[in-house]
Amino acid sequence: MAEKNAAQYSWFIERRNITLISLAVFFFLSLVTFVLCYEHHQHTKKRFLKEDRESAYLLSLILDGHFQKIIKTMESYAGRPLLIQAVKGKNVEKAKRHLMSLVKSDPDIDIVVIANRQGTLWTAYPDRPEVMGKNFAYREWYKGVSRNWKPYVSDATLRMVAEKDVAIQICVPFFDEKGRVIGILLNTQRLVELGSIIKQVPLDPGLSISVADRKGQMVYSSRYPFDKQITLYPFYSIIDKVKTEKNRSVTVEDTSIPGKKLYASFAHIAGMGWTILIGRDNRSILLSEMPYYILLSAVTFLLFLMIIFSLVYFRKRVMMQQAMDELLTDEALRASETRFRELFNNMSSGVAIYEAVDGGNDFIFRDFNRSAEQMDKIEKEELLGKRVTEVFPGVKDLGLFEVFQRVWTTGKTDFLPVAFYSDNRIAAWRENNVFKLPTGEIVAVYDDVTSSKQAEEALKISEERFKLASGATNDAVWDWNLLTNEIWWGDNFKRFFRYNDIEVKVTIDSWYNNIHPEDRDRVVSGIHAVIESGKQFWSDEYRFRRSDDSDAYIFDRGYVIRDDNGKAVRMIGAMADLTDRKQAEEKIRKLNAELEQRVLDRTAQLEAANKELEAFSYSVSHDLRAPLRGIDGFSHILLDEYKDVLDGRGKDYLSRIRAGSQHLGELIDDLLKLSRVSRAEIQYETVNLSSAAQTIAEEFKKMYPERHVEFAIADNLIGKGDPNLLRIALENLLNNAFKFTRNNAHGIIEFEMTTYEGKQAYCIRDNGVGFEMEFADKLFGAFQRLHTKSEFEGTGIGLATVQRIIHKHGGKIWAEGKVGKGAVFYFTL
Amino acid sequence: MEQKIILLVEDNPDDVTLTLHAFKKSNITNEVVVAQDGKEAIDYLFGTGKYAGKDVNLPVLILLDLNLPKINGIEVLQHIRADERTQLLPTVILTSSKEEQDLVNGYRFGANSYIRKPVDFNQFAEAILQLGLYWLVLNEAPPLKR
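If you read the sequences in order, they're chains E and L. For the first sequence, position 723 matches number 782 in the numbering used here, and the numbering has no gaps at all. For the second sequence, position 109 matches number 170 in the numbering used here, and the numbering has no gaps at all.
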C-alpha cells in the first residue's frame, strides 16, 4: 500500500517537477484568464459596437431631420409664388428680398444664391457680384440637383471666402405653375450648427463621431479637427465596401497609433448618401474592462496561489508519508533480510549461491549457508569469490557442473539425483536442486544423504543377515509390521509351538491370543509402552500356548524400527524357548532354597557351638584352675608345715607337683587368651605401636631389673587395628625376644619399620639364641616349642596367639633366625 | 568389743581351707563365716532360711566368689546392694575368673574390689594378706546399721 503510494507520487516530489507543475498551472490559468478576458472583451466590444451603431443611426436620423428641415424651409421659399414670379422674370431685387429673409432664418446659412436652369448664377444674398452671371454647371451640386430635379445636399466644399471653412450646398429647384424647372435655389450652409447638434449626443471617452459625405470627406469630426483642408475619413474606403445593413460595424486599424485598434460603426443618412461614423478606440473598451480584468486576475492569482500552496502542502505530506514509508520499508526490509538470512543459515539443506563467470564456463561462490559449511567441512570465508572447480575439484565428475551450466543457460530448475561426490576433503552422497535467481545467479540446494544412503545399504545387508540369521538361530524370529499389524514368523516358531503351516496366522492377534492369560496384560502393555515411548528395545518373559495347549516359557526380545518422524513402523524380534532352562532354573531355585536352609541350620549350630565354647572357656577358667590351686596350695602347706616329716625326696616331689600345677595354670591362662583372641571382634583404631612397645618394655625392665637389655624402639610406628589385640601381640613378641636374650650379657631388642622384599613390614629383632630356620614354620603352631622347658619356660601358645591376631587383621607374620644369632619377627597389618 | 566378722562366700572347700590358712598365716584372726552358696550367703545377711531367727552380726567384709551353686555371685551382689541394710558393706570379689564380662558386671553392681585367685599359693597367700590388711586395717568401714 505504502510502496504503491510512493511510486504513484514519486515524480511529484521532485523539486524540478514542482516548478514544472507550477508553470503548467500558471500557463493554464493564464490561458483560462486570457480566454475569459478575450471572451469578455469580444462580448463587451460587441455590446459597445452595437451601442455605437445605434448611436450612429440615431445621429443619422437627427441629421436627416436637420437637413430635411432646411430643405423644407428652402422648398417653402422656392414654392412662394412671388419668388417664382421674380425668378420667372429674373427680377433680381424682388428675389433678393426673399433671399434675405431666408438667410436671416438660419445663422448657418452663409449665402443664398439663385441660379437659372443651366446653372448660371443671377442673384445672391448677400451680394456676390464677382460670381454673378457665371455658370456653375460643372459643380457637383448642379449635377446632383439637375439629375432629377429634386432637392439635393452637396458634398463638402471649402468655402472660398476668407474663413475657408467647410460648407455644403443645399439646392432646391424652382418649378413654374406648369411644373417646369425655372431655377435653382442654392443655399451655402456652414456646418457650425451641425457640430452643436452632434455634440448633443453624449459621448463615452474614446468615442469619436465623424460625418462624411458621399465621397467620404469629413464634414464633421470630433476626432480629426478641420485644418483648412477637407480630408477623407481615414477608413472610409474600408467602410465603403461594407455598406450593407448588416455589417455596419467593422474593425479597422487606427493608423495614427500603430498597433492600437480602432472600431468604427456607421449609419447612412437616408436619401443623402452621407455617413455617420462612430469610432471607438479599442483602448477605451479595454479601459472599461479593466476592473473586470483586475478582478479576474486577482481571482486567478489567488487561485494560482491556492493551487501552489496545496501542491507544496501535498508534496510535503507525500514526502512525509514517503519518509515514513521508507522507514517502515527499511524496517520491514531489515526484518525480512534477517528472517531470510536466519532461514538460509538454519535450514538443514546446504545452499550455495554462484555467479557464472567466463560465459558460464565456471562459477564463483557468492554465498554459502551454515549447513553447507558443515556438510562440506569448509568455512564460508574460505570460498567466497572462489571458483567452484577450484574448491570442489570433483564437481565435474559429479555431473553437477553440467547441471549448473544447463540451468544458467535455460533458466529452468534442474535436479541432480543422489550421486557420490569425493575429493581430498569430503566423500559423501549428495542430492542437488539447482535453480536460477532473477539476478542471474545460480543456487544449489543440496542434502547430504550419506547417512540415509549408508543406512539403506546397511539395511539391505542387515535384512539379508536377518533372514540368514533367522534360519541359523534357534530362536523363533518374528517381524511385525506395525502399520498393517501383520506378523511374519520364522520357521522355528512352528517347531517351538508345534504348529503346522496352516496354523501359523499372520495377524498380530495370533500372538496376543496365545499368551498365557495371566501374562497377557503385562506383556501387551509393556510392548506398547515401548512402541509409544520412543524406546527401541523391549524384552519380556512369558508363557506362550503351544498347539497342544501346553505352555512354553518364552524369552522374547524386540527391536522397534521407526521412520524419520520417530513413528514406529516395524518391530523385529526373536523368541527364545526357555522351557528347559526354566525347568532347570526351577530346580536350581529349589536347591538354593535348600542350601539356604542348610546354611541357616549350620549357622544356628555354629552359634550354639560358640555358646558352648564360651561356656566351656568360662568353666575352664574357673573349674580347671580351682583344683590346681588346691594342688598347689596344699603342696605348699605340706612343704611349709610338714617339712619336718618329709625327707628330701618327698619335698622334691611336692615341689614338682607345685611346678606342674603352676605350669598347667599358665597353660590354661594362655589357652583362654588364645580363645578370647579368636572370638574377639576387631575394633579398628589408629594405634601408636611405638608407645605401646615402650610401655611393655618399661614393665619388663621393672620386673627384671637385673637384666641388661637395650630396647631400640623406632618413633611413631603407627598401625591400624584393635588396640587391645595389637597390644597382646606386641606383648607376646617382645616377651619372646626378652626371654630369648636372657643368656646375653647385653641384649638388644629392636622394633622398627623395614622393607622386606619390596614391602613395608614391622619388625622385632633380637640378638638372642635364635632358632633353626628349618623349624620356622612350626614357630606359630599352638603348643609348638623349639626349646626345652628347662632352657626356656613357656606354653608354646604365645606366637600362635600373635599369628591369630595378625591374621585377624588381614596381615602376615613370619620369622627369620639363626641359632645363636638372634631372631627377627616380621609382621604386616 | 564385737568381733569383726568376715563373710566368705565360697563353694569349693579346698579354696575355703586355703583361704582360711592364708588368713591364719597372715595373722588375721577375725571370725570368718563361710557360706557355701549364694542362698546361704543371702540367708545369713538377711536372717532368712537357716539363719532365720538367729541373732547374727553383719560382716565387716564380704569375700564373694562368682561361680556359686543356686544363686551366683553377681546375683548375691545385686541383693546386697539392693538392701538398705547391706548396701554399704565392703564386698570384694574373689574369683578364679578373669573374664571381662565378670569384671564388668562385678564393678557395675557395686563390688569394691575384684581379686583373681592365683594358682600359685604363695601369690594367693600374698593376695589374702594384702586384702586383709587393706580392708580390715587400713580401710575405714562404713557405719553399720542395726
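The beta carbon of each residue, even a glycine, is placed where N, CA and C say it ideally should be.
In this chain, the beta strand (DSSP E) harbouring residue 422/E covers 421 to 427. Among the residues facing chain E, residue 127/L is included, as its CB has a counterpart in that chain under 9 Å away. Per the C-alpha coordinates, the member of 237/E, 246/E, 292/E, 333/E positioned closest to residue 273/E is 333/E. Among the residues of chain E, none has a CB under 9 Å from the CB of residue 94/L; the nearest is roughly 21 Å distant. Look at the stretch 158 to 191 of chain L and you find these whole runs of beta strand (DSSP E), each 3 residues long or longer: 174 to 177. Taking residue 65/L as the centre and dropping the five residues before and after it, the same chain places the C-beta of 91, 121 closer than 6 Å to its C-beta, in chain order. When DSSP states are grouped into helix, strand and coil, residue 586/E belongs to the helix group. Sequence-distant Cβ neighbours of residue 543/E in its own chain, meaning closer than 8 Å and more than five residues away, do not exist here. A check of alpha carbon separations from residue 642/E across 665/E, 625/E, 667/E, 602/E identifies 602/E as the nearest. Interface criterion met: the Cβ of residue 731/E is under 9 Å from a Cβ in chain L.
Ranking 72/L, 145/L, 174/L by CA distance to the CA of residue 204/L puts 145/L first. Buried is the label assigned to residue 232/E, since at least 16 other Cβ atoms lie within 10 Å of its Cβ. For residue 747/E, the secondary structure class from DSSP, reduced to helix, strand or coil, is strand. Membership of residue 367/E in the alpha helix (DSSP H) is indicated by the continuous run 341 to 405. Between residue 743/E and residue 780/E, the C-beta spacing is below 9 Å. Per DSSP, residue 690/E lies in no beta strand (DSSP E) segment; the continuous alpha helix (DSSP H) that holds it begins and ends at 684 to 700. Just measuring C-alpha positions, the residue of 141/E, 536/E, 516/E, 184/E sitting nearest residue 155/E is 184/E.
Sequence-distant partners of residue 253/E (beyond 5 residues in either direction) whose C-beta falls short of 6 Å from its own C-beta, in its chain, are 279.
Judged by DSSP in its simplified three-state form, residue 481/E adopts strand. For residue 183/L, the nearest beta carbon of chain E is closer than 9 Å to its own beta carbon. Residue 475/E counts as buried, since at least 16 other C-beta atoms from the protein chains shown sit within 10 angstroms of its C-beta.
Chain E places a beta carbon closer than 9 Å to that of residue 79/L, counting this residue as a contact.
Look at residue 436/E here: in three-state DSSP terms it is coil, with no helix or strand label.
Between the stretch 383 to 400 of chain E and the stretch 99 to 113 of chain E there are fewer than three C-beta pairs closer than 8 Å, too few to call the two in contact.
Three or more Cβ pairs drawn from the stretch 172 to 188 of chain E and the stretch 132 to 152 of chain E lie within less than 8 Å of each other, which places the two stretches in contact. The DSSP-derived three-state label of residue 137/L is helix. Assignment of residue 856/E by DSSP, reduced to helix, strand and coil, places it in the coil class.
Per the coordinates, the alpha-carbon of residue 595/E lies some 15 Å from the alpha-carbon of residue 538/E. Taking 9 Å as the CB threshold, residue 130/L stays off the interface with chain E. No Cβ of chain L is located within less than 9 Å of the beta carbon of residue 777/E.
Counted as a single uninterrupted DSSP element, the alpha helix (DSSP H) harbouring residue 554/E occupies residues 550 to 556.
Annotation for residue 612/E: the continuous beta strand (DSSP E) segment containing it runs 610 to 621.
DSSP places residue 506/E inside the beta strand (DSSP E), whose first and last residues are 501 to 507. The Cβ atoms of residue 87/L and residue 176/L lie no closer than 9 Å to each other.
The continuous alpha helix (DSSP H) containing residue 136/E extends over residues 74 to 137. In the structure shown, residue 666/E falls within a helical segment according to DSSP collapsed to helix, strand and coil.
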